[in-house]
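Read top to bottom, the protein sequences are chains A and B.
So in our numbering the end of the first sequence lands on 279, straight run, no missing numbers.
So in our numbering the end of the second sequence lands on 609, straight run, no missing numbers.
Where is the CB? At the ideal position from N, CA and C, for every residue including glycine.
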Amino acid sequence: MTAVALNRELVTPEGVDLDIRLADAGERISAFLLDVTIMVAALVGLTVAVIVLARVLPLATGEILNIIWLLGFFLLRNFYFTGFELTSRAATPGKRIVGLRVAMREGSPLTATAIFARNAMRELEIFLPLSFMIVRPGQVDAWIGITGMIWCVVFVFFPLFNRDRLRVGDLVGGTWVVVAPKRILDRDLSTDGASGRVIFSEAALDAYGIKELKILESVLRRRDEATMYAVAARIRTKIKFDQPLPDQEFLSTYYTALRGRLESRLLFGKRRRDKHDKA
Amino acid sequence: MSDVLVLKSQRFRSEREADWKRLESLLELLETGRMSRLSDDDVIALPVLYRATLSSLSVARSISLDHNLVVYLESLATRAYFFVYGSRTTLGERLLAFFLRDWPAAVRRLWRETLVSTGFCMLGAAVAAVLVNRSPDWFFAFVPSALAAGREPSASSAMLKASLFNHDSRGGLAIFASFLFAHNSQIALFAFALGFACCLPTALLMLYNGFSLGAFVMVFASHGLLLDFLGWTLVHGVTELFAVILAGAAGFHIGWSIAFPRHLSRLDAAAAAGRTAATVMAGVVLMLAMAGMLEGFGRQLIQSTAARYGVATVTAIGWGLYFYRPGRGR
Numbered sequence: 001m002t003a004v005a006l007n008r009e010l011v012t013p014e015g016v017d018l019d020i021r022l023a024d025a026g027e028r029i030s031a032f033l034l035d036v037t038i039m040v041a042a043l044v045g046l047t048v049a050v051i052v053l054a055r056v057l058p059l060a061t062g063e064i065l066n067i068i069w070l071l072g073f074f075l076l077r078n079f080y081f082t083g084f085e086l087t088s089r090a091a092t093p094g095k096r097i098v099g100l101r102v103a104m105r106e107g108s109p110l111t112a113t114a115i116f117a118r119n120a121m122r123e124l125e126i127f128l129p130l131s132f133m134i135v136r137p138g139q140v141d142a143w144i145g146i147t148g149m150i151w152c153v154v155f156v157f158f159p160l161f162n163r164d165r166l167r168v169g170d171l172v173g174g175t176w177v178v179v180a181p182k183r184i185l186d187r188d189l190s191t192d193g194a195s196g197r198v199i200f201s202e203a204a205l206d207a208y209g210i211k212e213l214k215i216l217e218s219v220l221r222r223r224d225e226a227t228m229y230a231v232a233a234r235i236r237t238k239i240k241f242d243q244p245l246p247d248q249e250f251l252s253t254y255y256t257a258l259r260g261r262l263e264s265r266l267l268f269g270k271r272r273r274d275k276h277d278k279a
Numbered sequence: 280m281s282d283v284l285v286l287k288s289q290r291f292r293s294e295r296e297a298d299w300k301r302l303e304s305l306l307e308l309l310e311t312g313r314m315s316r317l318s319d320d321d322v323i324a325l326p327v328l329y330r331a332t333l334s335s336l337s338v339a340r341s342i343s344l345d346h347n348l349v350v351y352l353e354s355l356a357t358r359a360y361f362f363v364y365g366s367r368t369t370l371g372e373r374l375l376a377f378f379l380r381d382w383p384a385a386v387r388r389l390w391r392e393t394l395v396s397t398g399f400c401m402l403g404a405a406v407a408a409v410l411v412n413r414s415p416d417w418f419f420a421f422v423p424s425a426l427a428a429g430r431e432p433s434a435s436s437a438m439l440k441a442s443l444f445n446h447d448s449r450g451g452l453a454i455f456a457s458f459l460f461a462h463n464s465q466i467a468l469f470a471f472a473l474g475f476a477c478c479l480p481t482a483l484l485m486l487y488n489g490f491s492l493g494a495f496v497m498v499f500a501s502h503g504l505l506l507d508f509l510g511w512t513l514v515h516g517v518t519e520l521f522a523v524i525l526a527g528a529a530g531f532h533i534g535w536s537i538a539f540p541r542h543l544s545r546l547d548a549a550a551a552a553g554r555t556a557a558t559v560m561a562g563v564v565l566m567l568a569m570a571g572m573l574e575g576f577g578r579q580l581i582q583s584t585a586a587r588y589g590v591a592t593v594t595a596i597g598w599g600l601y602f603y604r605p606g607r608g609r
């Protein structure tokens with residue numbers, strides 16, 4: 001359901017739809033938390049380094065530590081996100097790990113101003129709510145604090161209330177965040193099952209459609225014994241297959257045969273979606 | 280027998296796989312910033328490989344039922360797409376365009392908002408000045424005690440004068456902290472970001488900015504130190520005030536475009552306004568850095584009021600000409 005709702009058309013100038021998917025809220029949050037962890041780790045690492053250095057050299061530790069925190073916090077707060085998103089990968093380390101990148105909504109090249117705008121808005125979305133949370137008692141009226149919090153929460157949860165999962169910063173920058181993971185090209189499974197020792201009947205090959213083939217492919221790629229046993233048993237019963245073959249060999253042979261059958265029908269324009277499809 | 284089983288999609292894959300792998304390895308180099316490792320041949324091959332992969336993707340979608348293959352090609356084509364149609368200017372070109380054209384143009388486009396922003400600042404200053412003049416207690420309502428640092432209505436003239444002309448720099452850290460200009464740019468970024476909420480918080484921030492200015496002016500004026508105080512402030516204040524006012528203008532621009540998007544959709548209006556406002560803001564952070572340096576070093580080194588006015592005038596004329604020089608818009 002959500003997977004479908006987050007798919008967007010991105011037609012290249014060559015006329016091919018790349019069918020990109022927008023990052024969902026969970027992916028955005030994990031990327032952000034990773035970034036926060038990295039930033040905190042950087043500051044802590046720097047602090048430890050200074051303390052160690054101060055032990056060796058006769059320096060006024062307190063003052064240098066102060067400067068480092070001021071400078072480090074300032075630089076990280078304002079330039080961490082912008083700096084990394086300006087690189088050709090258009091993603092912070094957190095986004096890279098999760099497999100996300102920033103892109104313009106209209107598909108044009110990402111501009112520096114867009115990146116600046118989307119990250120300057122973080123002041124409103126992260127740092128303002130934070131500063132409301134760490135308000136000391138007596139400094140601000142409690143009611144003002146609570147009202148401020150409620151007002152901030154609107155911005156924090158903004159991405160959940162629009163179709164494109166836009167932060168306020170995305171909205172102002174004209175950007176969105178898309179899923180762009182690196183995929184590995186796995187082996188072609190049909191080469192395993194091309195032994196040709198078993199020939200399935202036409203009825204056996206008409207038992208399933210493309211949806212089931214996709215599931216069978218994922219089962220074979222995962223190579224989990226128990227799952228393969230269960231799936232093989234189901235298929236054997238369904239197509240009334242009684243030759244004694246090991247599960248994995250049976251499944252990969254059937255996979256190849258089924259794929260061959262469905263693909264050749266595809267060439268004639270008949271796309272059989274699943275086993276209920278009469279095409 | 281096995282010939283029968285060799286699928287068309289298998290053959291399709293084995294014929295093209297080498298190209299895909301080559302594109303993948305080139306992208307790997309590009310994405311990790313090792314662009315110099317690319318040979319001339321590679322650079323020429325990149326768009327060709329990209330188009331070949333796109334066509335492979337179309338074919339694979341229509342003939343292959345290998346899900347892993349289709350997903351792989353989609354991700355490869357998307358990665359390559361962002362490169363081939365990505366930004367082509369270098370950092371140097373971008374910076375040059377920013378300073379020569381984009382920044383001044385964006386600032387000029389916001390002239391209405393700049394006037395409004397200035398108006399709020401002035402209004403705040405006037406209100407604070409009048410109120411503090413009537414009853415000095417108002418001072419504490421406008422200026423937090425940390426910022427005042429003893430420069431209150433009850434302070435002596437000598438003490439106030441000393442705060443304007445003191446030679447002892449308050450230790451390395453203090454200079455560094457003002458050099459960091461962290462506080463100011465945070466306020467400026469807030470003014471910008473808050474504009475999103477239909478201008479109101481930005482207006483309040485501009486008023487507040489005016490309040491503390493007005494309150495200080497009044498305190499020093501009541502001791503006959505007005506000219507000296509203005510000199511002391513304006514050394515960096517011309518740049519800093521102008522930067523804060525521009526940040527407010529950027530905030531107003533966004534808020535106004537979202538509230539009244541005219542012929543655009545609200546979303547498009549926000550994005551368009553965001554672009555202009557962000558360009559202004561990138562420059563504002565730079566202006567604040569300069570103001571911070573003037574504050575940290577200039578104010579300590581230049582001790583005569585006349586010279587301070589000289590610096591203030593030069594910066595004012597400089598910024599004015601840079602942004603609003605006649606004929607700039609064409």
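Inter-residue spacing [alpha-carbon to alpha-carbon] between residue i and residue j
i	j	result
B:W299	A:L189	18 Å
A:L205	A:L258	6 Å
A:W69	B:R604	41 Å
B:D319	B:A297	19 Å
B:E519	A:N162	38 Å
A:F116	A:R271	46 Å
B:L626	B:I581	The question about residue 626 of chain B has no answer here: the residues shown for chain B are numbered 280 through 609.
B:S448	A:A120	In this prediction, B:S448 scores a pLDDT of 48, lower than 50, which makes its location untrustworthy; the coordinate-derived value is nonetheless stated afterwards. Rounded to the nearest angstrom, the two C-alpha atoms are 33 Å apart.
B:D547	A:D247	56 Å
A:L124	A:I146	16 Å
B:Q579	B:A586	12 Å
B:I596	B:A441	29 Å
Residue i vs residue j beta-carbon contact at 8 Å
i	j	result
A:L34	A:I97	yes
B:F521	B:M566	yes
B:V593	B:G577	no
A:V177	A:L18	no
A:L110	A:A91	no
B:P326	B:V386	no
B:C328	B:A339	The residue asked about is misnamed: residue 328 of chain B is Leu in this sequence, not Cys. The answer is no: Cβ separation not under 8 Å.
A:S201	B:L309	no
B:T265	A:A180	The displayed coordinates of chain B run from 280 to 609. Any statement about residue 265 of chain B would go beyond what the structure contains.
B:V563	B:L525	yes
B:L344	A:E85	no
B:L506	B:T584	yes
Buried versus exposed call for residue i [16 or more other C-beta atoms within 10 Å across all chains shown]
i	result
B:S304	exposed
A:R223	exposed
A:F81	buried
A:E14	exposed
B:H515	buried
B:M314	exposed
A:H276	exposed
B:H250	Missing from the structure shown is residue 250 of chain B; chain B here goes from 280 to 609 and no further.
A:E217	buried
A:K240	exposed
B:I466	buried
B:F469	buried
Partner residues on chain B for residue i, Cβ-Cβ distance less than 8 Å
i	result
A:A301	Chain A is shown only over 1 to 279; residue 301 of chain A falls outside these bounds and no answer can be derived.
A:T191	Q289
A:M121	A472, F475
A:E217	D345, H346, N347
Own chain, CB closer than 6 Å to residue i, minus 5 neighbours either side, in chain order
i	result
A:E9	D17
B:G403	L486, G489, F490
A:G173	A114, A117, R118
A:A232	D247, F250, L251
A:D170	R118, W176
Cβ neighbours of residue i in the same chain (closer than 7 Å, five flanking residues each side left out)
i	result
A:D164	L22, W176
A:P159	A25, R28, R165, L166, R167
A:K238	A207
B:L355	W299, L302, E303, T332
Neighbour list for residue i in chain A, Cβ cutoff strictly below 8 Å
i	result
B:L333	T12, E14, V16
B:G503	None at all; the shortest Cβ gap to chain A is about 35 Å.
B:S396	Those within 8 Å of B:S396 in chain A number zero; the least Cβ separation is about 17 Å.
Where residue i meets chain B, residues with beta-carbon distance less than 9 Å
i	result
A:R183	N347, V350, Y351, L352, E353, S354, L355
Beta-carbon proximity list for residue i, same chain, < 8 Å, skipping 5 on both sides
i	result
A:L100	A23, E27, R28, A31, A91, V177, V178, V179, A180
Listed by chain order, chain B residues near residue i by CB distance under 7 Å
i	result
A:R259	L286, L344
Neighbour list for residue i in chain A, Cβ cutoff strictly below 9 Å
i	result
B:L379	Within 9 Å Cβ-Cβ: nothing; B:L379 doesn't reach chain A, min ~15 Å.
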